[in-house]
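Report on one structure; see the data block that follows.
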Amino acid sequence: MATEAQDAAHGAADAAHAATGSGMPQLDFSTYPNQMFWLVVTIVVIYLILSRIALPRIGSVLADRQGTITSDISAAEELKQKASEAETAYTQALADARAEAQKIIAEAKAEIQADLDDAVAKADAEIAAKAAESEKKIAEIREGALEAVTEVAKDTAKEIVAAMGIKADARTVTAAINARLKG
Amino acid sequence: MASEAHTEEAAGLVFHPMDQFKITPLFGGDTVNWYTPTNATLWMGIAVVVIFLLMVVGSRGRAMIPSRIQSIGELAYGFIHKMVEDVAGKDAAPFFPYIMTLFMFIVFSNFLGLLPMSFTTTSHFAVTLVLALLVFFTVTIVGFVKNGTKFLSLFWVSSAPLALRPILAVIELISYFVRPVSHFIRLAGNLMAGHAVIKVFAGFAQVAVISPLAILAITAMYGLEILVAFVQAYVFTILTCVYLKDALHPSH
Chain A
-13 MATEAQDAAH GAADAAHAAT GSGMPQLDFS TYPNQMFWLV VTIVVIYLIL SRIALPRIGS
47 VLADRQGTIT SDISAAEELK QKASEAETAY TQALADARAE AQKIIAEAKA EIQADLDDAV
107 AKADAEIAAK AAESEKKIAE IREGALEAVT EVAKDTAKEI VAAMGIKADA RTVTAAINAR
167 LKG
Chain B
22 MASEAHTEEA AGLVFHPMDQ FKITPLFGGD TVNWYTPTNA TLWMGIAVVV IFLLMVVGSR
82 GRAMIPSRIQ SIGELAYGFI HKMVEDVAGK DAAPFFPYIM TLFMFIVFSN FLGLLPMSFT
142 TTSHFAVTLV LALLVFFTVT IVGFVKNGTK FLSLFWVSSA PLALRPILAV IELISYFVRP
202 VSHFIRLAGN LMAGHAVIKV FAGFAQVAVI SPLAILAITA MYGLEILVAF VQAYVFTILT
262 CVYLKDALHP SH
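From first to last, the protein sequence lines are chains A and B.
Using the working numbering, count along the first sequence one by one with no gaps and you end on 169.
Using the working numbering, count along the second sequence one by one with no gaps and you end on 273.
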């Protein structure tokens, strides 16, 4: 029953529209205040929702994200910097160690050289001393031999002279032999 | 109604392309007072709820890595924020919530209107007229408050020859006042036309012979209307930004 009544009412309204010559509900000005009122309510509610809650929240989330990304990038940059610093330090340490090793090797070489030189010098000295001693001994032996030769020559000459039956003065013989040996 | 139905039955086809735009009270009765909750009220309320769900409930996690819903909310935020900054300038930032409100309301009304059996609030001149006038008055008031009488230089084209300037001033003045008119008719007209065309094709679908074609046409129109729903919201918003730029920087 109610729906019928409503239909009838609609019919009346439609008739009214037909009377005004407008089939467009958009041009039914009797509904304008209603729509405008509810639109203003809607717009105000949406504005409050957006400006009070949604937009600040989303804005802060976006800003936070931007901040996080920026700080992450800068942290990564820093780490990269640190890594390259560490690499430089490592290379430096390596170079230092190499230089140190070179130095130690050079020192050791110098030391060995010094020791060697010492030893060589000592050995040379010893050799020289021994050579000198030997020379002395040789000289002694030679001298001894010379004397022995003189002695033998005198004795032999005396014997020869005696054997020849000539009495010879020992002094004369010796002088003659000496002169001969010198000659 | 009875007589109408009679004639339509006689014709064999029932066309009610404009019935979808009727404003009817939600809880019975036939008088639409200014406070009566109507189907328009209902769908505006649904738009508010959907916007609340997307922008507030969707972002409640404040997640550093956003959920899908939060991503969409952030996308909308970024889209309008960038538009306001690029078109209206950096100093238009205080108007961002206002422009965001307009965009969200229009885009959601448009898309909700595409649901079958729904009501498209933005297809009504009363609604778009209020939206356009809100923009018009905002822009005009902001223009005078920020620039004083210098705002009038918007109408005085100083780059034109002196003799032409008064004529141009008249043209500029007319175009300034035509802006809200085109602004509101464009939005409502587009939506109304699209929805009406879909209904007309739906009427044709009652005839067996051409119903496959009609249903194909409805599908195609529906796809087009999805595009229109977004594009019209975009156009309304970007024009608002352009007008706002005129108000903030009136020199040509």
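For every residue, glycine included, the Cβ atom is placed at its ideal position computed from N, Cα and C.
Bear in mind that the values here come from a model prediction, so they are computed numbers and not experimental data.
Straight-line gap, residue i to residue j (C-alpha atoms, nearest Å)
i	j	result
I219(B)	W55(B)	30 Å
M39(B)	S92(B)	37 Å
G244(B)	I59(A)	43 Å
I192(B)	P58(B)	43 Å
A143(A)	E129(A)	20 Å
A26(B)	F36(B)	Here A26(B) scores only 44 on pLDDT, less than 50, and its place in the model should not be relied on; the value that follows carries that caveat. Near 10 Å, if we compare the C-alpha coordinates of F36(B) and A26(B).
R157(A)	E133(A)	17 Å
I146(A)	A161(A)	16 Å
Q67(A)	L80(A)	20 Å
I127(A)	E121(A)	10 Å
R186(B)	D112(B)	29 Å
D155(A)	A148(A)	10 Å
T261(B)	L154(B)	11 Å
I29(A)	I86(B)	31 Å
P182(B)	R200(B)	25 Å
K123(A)	E112(A)	16 Å
A97(B)	M76(B)	9 Å
K116(A)	Q99(A)	25 Å
V138(A)	A118(A)	29 Å
A62(A)	N60(B)	57 Å
V53(B)	S88(B)	43 Å
S70(A)	K89(A)	28 Å
W64(B)	A238(B)	26 Å
The alpha helix (DSSP H) enclosing residue i, as first and last residue numbers
i	result
T142(A)	L41 to A149
F267(B)	The residue you asked about is not Phe; residue 267(B) is Asp in the sequence shown. D267(B) -> alpha helix (DSSP H) spans S232 to L269.
N168(B)	F146 to N168
N20(A)	Y18 to L34
P118(B)	F117 to G134
V105(B)	Counting along the chain, V105(B) falls outside any alpha helix (DSSP H), and DSSP gives it neither H nor E.
R157(A)	A156 to K168
Residue closest to residue i, alpha-carbon to alpha-carbon, out of the options
i	options	result
V141(B)	F198(B), S174(B), L155(B) and H216(B)	For the sequence presented, residue 141(B) should be read as Thr rather than Val. Of F198(B), S174(B), L155(B) and H216(B), the residue nearest in Cα terms is H216(B).
M10(A)	A147(B), A238(B), P87(B) and L135(B)	A147(B)
I101(B)	D112(B), S88(B), F117(B) and L234(B)	F117(B)
A254(B)	G99(B), A84(B), A61(B) and I120(B)	I120(B)
Q12(A)	Q41(B), D51(B), G50(B) and K103(B)	Q41(B)
A268(B)	S144(B), N60(B), L154(B) and K171(B)	K171(B)
H270(B)	L208(B), I72(B) and L175(B)	L175(B)
Y264(B)	L212(B), L208(B) and Y197(B)	Y197(B)
I162(B)	K266(B), A238(B), E246(B) and T45(B)	K266(B)
L135(B)	T258(B), T240(B) and F205(B)	T240(B)
F205(B)	H145(B), A235(B) and A184(B)	H145(B)
V151(B)	L173(B), P233(B) and L208(B)	L208(B)
A250(B)	A229(B), L234(B), G210(B) and T62(B)	G210(B)
G180(B)	S272(B), I72(B), G94(B) and G99(B)	As written in the sequence, residue 180(B) is Ser, which differs from the Gly given in the question. Of the candidates S272(B), I72(B), G94(B) and G99(B), the one whose C-alpha sits nearest the C-alpha of S180(B) is S272(B).
V135(A)	K153(A), A114(A) and I163(A)	I163(A)
For residue i, the three-state DSSP class (helix, strand or coil)
i	result
H37(B)	coil
T59(B)	strand
P137(B)	coil
P11(A)	helix
P187(B)	helix
P201(B)	helix
I152(A)	coil
Closer than 6 Å: residue i CB and nearest the ligand MG heavy atom
i	result
I231(B)	For the ligand MG, the structure offers nothing, since it holds no ligand at all.
Interface flag, residue i vs chain E, CB-CB below 7 Å
i	result
Y18(A)	Considering every chain present, this structure includes no chain E. Its protein chains are A and B.
Three-pair Cβ contact test at 8 Å for the stretch 78 to 87 of chain B versus the stretch 38 to 48 of chain A: Contact between the stretch 78 to 87 of chain B and the stretch 38 to 48 of chain A is present, because at least three Cβ pairs lie under 8 Å.
The stretch 157 to 168 of chain B / the stretch 223 to 233 of chain B touching (three or more Cβ pairs under 8 Å): At 8 Å Cβ cutoff, the stretches do not touch.
Three or more C-beta pairs below 8 Å linking the stretch 100 to 111 of chain B and the stretch 19 to 33 of chain A: Contact check between the stretch 100 to 111 of chain B and the stretch 19 to 33 of chain A: fewer than three CB pairs, one atom from each, fall below 8 Å, which does not count as touching.
Segment contact flag, the stretch 60 to 80 of chain B with the stretch 117 to 128 of chain B, C-beta cutoff 8 Å, min 3 pairs: Flag = yes, the stretch 60 to 80 of chain B and the stretch 117 to 128 of chain B touch.
The stretch 129 to 143 of chain B touching the stretch 49 to 58 of chain A, judged by at least three CB pairs closer than 8 Å: No, the stretch 129 to 143 of chain B is not in contact with the stretch 49 to 58 of chain A.
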